[in-house]
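Asker:
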Amino acid sequence: MSKKVLERLKAQLGSKILATSDFRGDDEAIVALKDWLEVARFLRDDAELAFDHYLDMTAVDHPMREESGEPGPRFDVVLFVRSSTKNHRVRLRTRAADGEAVPSLFPVWAGASWSEREIFDMFGIPFEGHPDLRRILLYPEFQGHPLRKDYPIERTQPLVQYRDVDGIDKLPPFGPDMGQPWTRVDWAARMHGGDVQVSPAIGAQQGQRPALSKGPEYTLASGDKNPADAE
Amino acid sequence: METNYEELDEDGQLELPAEPMRLNMGPSHPAMHGTIRMVLDLDGETITDVDIQPGYLHRGFEKSCERGTWNQVFPYVDRLNYVSPMLNNVGFSLAVEKLAGLKVPERCTWYRMVLGELARISDHLTCNSASAMELGAFTPFLWCIKTRDFVWDILEQETGARLTHSFGRIGGMAKPPTEHFKEHTLAVLPQVEESIAETEALLLKNRIFLDRMQNVGNLRPERALALGVTGPVLRSTGVDYDVRKANPYMFYKDVDFDIPVGHDGDNFDRFMIRFEEIRQSIRIIRQCVEKMPDSGPVNVDDPRFVYPDKSQVYNTIEATIAHFKMVMEGVKVPAGEVYSYTEGGNGELGFFIVSDGTGTPYRVRVRPPCFLNLQACREMLVGDMIPDIVPTFGSINMIGGECDR
Amino acid sequence: MADIRGSGNAIPSKATPSKATMGGGDAGFVTTRLEELLGWARKYSLFQYPFVTACCGMEFMAVAGPRYDLARFGAEAPRFSPRQADLLWVVGTVSQRQAPALRRIYEQMGDPKYVLAFGTCASCGGFYDNYATVPGIDKIIPVDVYVPGCPPRPEAVLDGLMLLMEKVGQGKRGGALVVPPREVPAMAKIRKKGTAVFFGQERMAAEKALTEGEAPSVGELLEQSLAERPVESVTILSRDGEPKKHDDHH
Ligand code: SF4
Chain H
42 MSKKVLERLK
52 AQLGSKILAT
62 SDFRGDDEAI
72 VALKDWLEVA
82 RFLRDDAELA
92 FDHYLDMTAV
102 DHPMREESGE
112 PGPRFDVVLF
122 VRSSTKNHRV
132 RLRTRAADGE
142 AVPSLFPVWA
152 GASWSEREIF
162 DMFGIPFEGH
172 PDLRRILLYP
182 EFQGHPLRKD
192 YPIERTQPLV
202 QYRDVDGIDK
212 LPPFGPDMGQ
222 PWTRVDWAAR
232 MHGGDVQVSP
242 AIGAQQGQRP
252 ALSKGPEYTL
262 ASGDKNPADA
272 E
Chain C
24 METNYEELDE
34 DGQLELPAEP
44 MRLNMGPSHP
54 AMHGTIRMVL
64 DLDGETITDV
74 DIQPGYLHRG
84 FEKSCERGTW
94 NQVFPYVDRL
104 NYVSPMLNNV
114 GFSLAVEKLA
124 GLKVPERCTW
134 YRMVLGELAR
144 ISDHLTCNSA
154 SAMELGAFTP
164 FLWCIKTRDF
174 VWDILEQETG
184 ARLTHSFGRI
194 GGMAKPPTEH
204 FKEHTLAVLP
214 QVEESIAETE
224 ALLLKNRIFL
234 DRMQNVGNLR
244 PERALALGVT
254 GPVLRSTGVD
264 YDVRKANPYM
274 FYKDVDFDIP
284 VGHDGDNFDR
294 FMIRFEEIRQ
304 SIRIIRQCVE
314 KMPDSGPVNV
324 DDPRFVYPDK
334 SQVYNTIEAT
344 IAHFKMVMEG
354 VKVPAGEVYS
364 YTEGGNGELG
374 FFIVSDGTGT
384 PYRVRVRPPC
394 FLNLQACREM
404 LVGDMIPDIV
414 PTFGSINMIG
424 GECDR
Chain V
41 MADIRGSGNA
51 IPSKATPSKA
61 TMGGGDAGFV
71 TTRLEELLGW
81 ARKYSLFQYP
91 FVTACCGMEF
101 MAVAGPRYDL
111 ARFGAEAPRF
121 SPRQADLLWV
131 VGTVSQRQAP
141 ALRRIYEQMG
151 DPKYVLAFGT
161 CASCGGFYDN
171 YATVPGIDKI
181 IPVDVYVPGC
191 PPRPEAVLDG
201 LMLLMEKVGQ
211 GKRGGALVVP
221 PREVPAMAKI
231 RKKGTAVFFG
241 QERMAAEKAL
251 TEGEAPSVGE
261 LLEQSLAERP
271 VESVTILSRD
281 GEPKKHDDHH
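Residue numbers (the working numbering), protein chains in the order written: chain H, 42 to 272; chain C, 24 to 428; chain V, 41 to 290.
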């Protein structure tokens, strides 16, 4: 059953399907960005495929892909759909460069609306033709896109000025960058220079380089200094 | 929208002119469990449009996962759907095991199924009792919470924590079942049955309750599918999609159970489906307990993924080193991407995980069932009245931790 | 009231009794019998506003439920308007996006007002140490009692509530209390030795002794833990001298 989906796709769409895989039983097809909407429409409307059940859409950030020699631009956008009548499912993938707009699938499956808003919020991928592209999980004042690998995880952007009282600071082990740092990759450092694999905290201990890489600079809506930077 | 104010409505009463109004509800509204904001466009008391704004509990789940080890993700998945943490634990274990190509021993699978179904019972009890409470029926809430505590007692005895168990592991569970697991479980099930029967007796003849639930918040099946709705909300519309039946995982194809399906897609159907699912879960648990072997390993025999035994760690240097490396560097999961899905409390709970072969997840994406269910809430609410928001929202069972992550 | 508040904690209230009622014992020290009486009355009739955001809410339900029964402490009636409440439970994680709402709710409450941070997230942000969450609600509003735990067990919550009641009864303001752990005495010894060194066979032996019936009975444990928990045993974290952001609207 599952083979049939990919075969049908290849037979009907031919060269539009750039690659397919069925790693661990998950059927997947890769298409070019310009065919994204068309293939999605085909998935829904084709009588044999009949993918009428929208499941999910998400993105994956591969910031160093081009440098490391792998083909393809920075972001993977991944769609999951299922057919309620045929009970099969497929994963559709396309690739988009930073800032490149992806056609919105809202006209095909209404459920794509919030997922696309979330991807826009978390990765900063714009969707063309989306009726209402706003942030959904974060607040409008937030700058940057946290799920990009180079957004430092501990960079907060408070909406309320913190109180200025003694004794309310976090104590270890809840300081920044504590925990289990051995295998953690510091992407911001990697992308903006060095190629240190271990955590910045350990690097600092060994006197390798400054403690925390700052990543790209943002200014807060209020114009205040970010308390995270003040330390 | 055109309103002819001169017209009489069907009861022969003169419609009073009403200015369109915009009303804000939330983000901390007492009648809604969970924090969410709704901006309502009203015509009189009728909702003409609603902008639902989730995100008030966004805690950076996916980003946090990218900085720990694979096993350190378990505490975070606990807190996704915090009404049924065990289902998330099991779901994530299955996802990583799928990527790593592991097959857990039989005993572990039965154990996971029992614990998972217990979590489902606790989920549905909480959801239904909270929706009843929001309609003013406080007694069912107290009864169900009492029963839920009995269920939690089992889970606590097994895992050591009442709510946030962090009990799943890659390739098994943290501990084997305790000695009295089966007896204890079988002893609690009749209490659950009794309590839902009592609750139904109390509510299902109550005119107020029925009027506020029946034919309120309707959803059509085609729309539900296109909107990505799953779980009890989808089944209430008549679509019989349950991952446990449609794509059986673990040993669900070896046990007998039914999928309750509604036909109107209204609040009442969702309410009844949840209670019926509790009964089915009890059925499943009884069969699993019977089939679960009393002895045998719980973890896979693979030192790459499973921590060595504690007595070994304390007493031999090899095990100490192995343990140290696993804790500090993490379990190395082979590179690749998989999507693994299970039936969570609210619907299809999927984990899309990307590994680059190191001990830290490259990306963990959870398909949050109630995020997509909540999206369909707009469809259910438009055309209804303000008081209908509370039961409709309650019957979706939006769980902040999962919806906003 | 501003002069009193500004003059530090140890100075007795100069206000007349009727005024002192309005101020709600802000002056950190009890002088009059009337205030004592008010404190006693307040202690047993806390009107609460549950600001429930996350997983801790499940435990909050359990505490309010029949088994643990919050109602025994006079803190039963939830007020769903901050203006009618004097105890704010902050239950769960507060995200940066939520922070303005929390601050506003606190400011809407009338004096005297108390805040109980329920759970690790509310106390310090817990393990959500990232861009989205506030590392503890005390960054936004002053806190009276912290209840650690993720989520705290209902017993810990009740402990916290009792601590708060004691504090309210004495008319104290400022100075945050942390609910201390209820230790099983045999395990406490193990903990004191330090976790890093005290592992291995010695610890296993201790644990074994504990499970094999050398441990005291539940009743004894309870008695001990209650006896060991006078108010002095808790940590005083900070003295909060922050002036309030709004005027009394009496
Ligand atoms: S302290 Fe733990 S249980 Fe409570 S809200 Fe935070 S993560 Fe959830």
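Here a beta-carbon is modelled for each residue, glycine too, at the ideal position from N, C-alpha and C.
If you compare alpha carbons, which of C:TYR99, C:VAL96 and C:CYS400 is closest to ASP289 of chain C?
Answerer: C:CYS400
Asker: In the DSSP assignment, what residue or residues form a beta bridge with ASN47 of chain C?
Answerer: C:VAL62
Asker: Would you say the beta carbon of LEU128 of chain V comes nearer than 8 angstroms to a heavy atom of the ligand SF4?
Answerer: no
Asker: Here's a check: name, in chain order, each residue in its chain whose Cβ is nearer than 6 angstroms to the Cβ of GLY254 of chain C, leaving out the five neighbours to either side.
Answerer: ASN369, GLY370 and PRO392
Asker: Can you list the residues of chain V that GLU195 of chain H reaches, using a CB-CB cut of under 9 angstroms?
Answerer: Those are ASP169, ASN170 and TYR171, listed as they occur along chain V.
Asker: With which residues is MET163 of chain H paired in a DSSP beta bridge?
Answerer: Beta-bridge pairing links MET163 of chain H to no other residue.
Asker: For ARG192 of chain C, which of helix, strand or coil comes out of DSSP?
Answerer: Here DSSP, grouped into helix, strand and coil, assigns ARG192 of chain C to strand.
Asker: Give the secondary structure of TRP93 of chain C by DSSP, where H, G and I count as helix, E and B as strand, and everything else as coil.
Answerer: coil
Asker: Would you check if the distance between the CB atom of PRO43 of chain C and the CB atom of ASP66 of chain C is smaller than 9 angstroms?
Answerer: yes
Asker: Three-state secondary structure (DSSP) at THR343 of chain C?
Answerer: helix
Asker: Which of the three DSSP states, helix, strand or coil, is assigned to ALA70 of chain H?
Answerer: strand
Asker: How is ALA269 of chain C classed by DSSP in three states: helix, strand or coil?
Answerer: helix
Asker: I want to know whether the segment 380-399 of chain C touches the segment 416-428 of chain C - three or more CB-CB distances under 8 angstroms.
Answerer: yes
Asker: For ARG123 of chain V, which three-state DSSP category applies?
Answerer: helix
Asker: Under a three-way DSSP split, which group does GLU120 of chain C fall into?
Answerer: Helix, per DSSP.
Asker: Return the CA-CA distance between THR197 of chain H and PRO181 of chain H, expressed in angstroms with no decimal places.
Answerer: Whole-angstrom Cα-Cα distance: 14 angstroms.
Asker: Select from C:ASN112, C:GLY91, C:THR92 and C:SER116 the residue whose C-alpha is nearest the C-alpha of ASP101 of chain C.
Answerer: For the residues C:ASN112, C:GLY91, C:THR92 and C:SER116, the minimum Cα distance to ASP101 of chain C belongs to C:ASN112.
Asker: If we count Cβ pairs, one from each stretch, closer than 8 angstroms, do we get three or more for the segment 160-167 of chain C versus the segment 341-356 of chain C?
Answerer: no
Asker: Shortest alpha-carbon distance to VAL72 of chain H belongs to which of H:PHE83, H:ARG85 and H:LYS57?
Answerer: Ranking H:PHE83, H:ARG85 and H:LYS57 by CA distance to the CA of VAL72 of chain H puts H:LYS57 first.
Asker: Among the residues of its own chain, which have a CB less than 7 angstroms from the CB of GLY359 of chain C, if the five just before and after it don't count?
Answerer: LEU122 and SER378
Asker: Around the ligand HEM, what residues have a beta-carbon under 6 angstroms from a heavy atom of it, in chain order?
Answerer: With respect to small molecules bound, the structure shown includes the ligand SF4 and not the ligand HEM.
Asker: Are the beta-carbon atoms belonging to VAL174 of chain C and LEU209 of chain C less than 9 angstroms from one another?
Answerer: At the C-beta level, VAL174 of chain C and LEU209 of chain C stay beyond 9 angstroms of one another.
Asker: With LEU77 of chain V as the anchor, note down where its alpha helix (DSSP H) starts and where it stops.
Answerer: 73-83
Asker: According to DSSP, is SER163 of chain V helix, strand or coil?
Answerer: Look at SER163 of chain V here: in three-state DSSP terms it is helix.
Asker: Note down, in chain order, each residue of its chain lying with its Cβ closer than 6 angstroms to the Cβ of ARG4 of chain C, except the 5 sequence neighbours on either side.
Answerer: Nothing about residue 4 of chain C can be reported from this structure: the residues present for chain C run from 24 to 428 only.
Asker: Under a CB-based cut-off of 9 angstroms, is ASP67 of chain H close to chain C?
Answerer: yes
Asker: Take the Cβ of LEU77 of chain V as the centre, count every other Cβ of all protein chains shown within 10 Å, and call the residue buried at 16 or more, exposed below.
Answerer: exposed
Asker: Tell me ILE70 of chain C's beta-bridge partners as DSSP assigns them.
Answerer: C:LEU65
Asker: Check each candidate in C:ALA345, C:ASN270, C:GLY261 and C:TYR272 and name the one with the smallest Cα separation from VAL284 of chain C.
Answerer: C:GLY261
Asker: Leaving aside the five residues before and after ASN241 of chain C along the sequence, list all residues of the same chain whose C-beta is less than 8 angstroms from its C-beta, in chain order.
Answerer: Within the same chain, and ignoring the five residues on either side of ASN241 of chain C in sequence, the residues whose Cβ sits closer than 8 angstroms to its Cβ are ASP287, GLY288, ASP289 and MET403.
Asker: Using 10 angstroms around the beta-carbon of HIS203 of chain C, count the other beta-carbons present and answer buried if the total reaches 16, otherwise exposed.
Answerer: exposed
Asker: Return the residues of the segment 82-107 of chain C that lie within a Cβ-Cβ distance of less than 9 angstroms from chain H, sorted by chain order.
Answerer: GLY83, GLU85, LYS86, SER87, GLU89, ARG90, GLY91, THR92 and GLN95
Asker: My guess is that VAL278 of chain C and ILE307 of chain C are in contact by the Cβ rule of under 8 angstroms, so how many angstroms apart are they, rounded?
Answerer: Between VAL278 of chain C and ILE307 of chain C the beta-carbon gap is near 5 angstroms, inside 8 angstroms, which marks them as a contact.
Asker: Inspect the beta-carbon positions of VAL143 of chain H and PRO167 of chain H and report whether they are closer than 9 angstroms.
Answerer: yes
Asker: Whose CA, out of C:ARG297, C:ARG230, C:LEU212 and C:CYS150, lies closest to the CA of ASP176 of chain C?
Answerer: C:LEU212
Asker: Starting from the C-beta of ALA81 of chain H, find all residues in its chain whose C-beta is less than 6 angstroms away, skip the five residues before and the five after it, and write them out in chain order.
Answerer: LEU146 and VAL149
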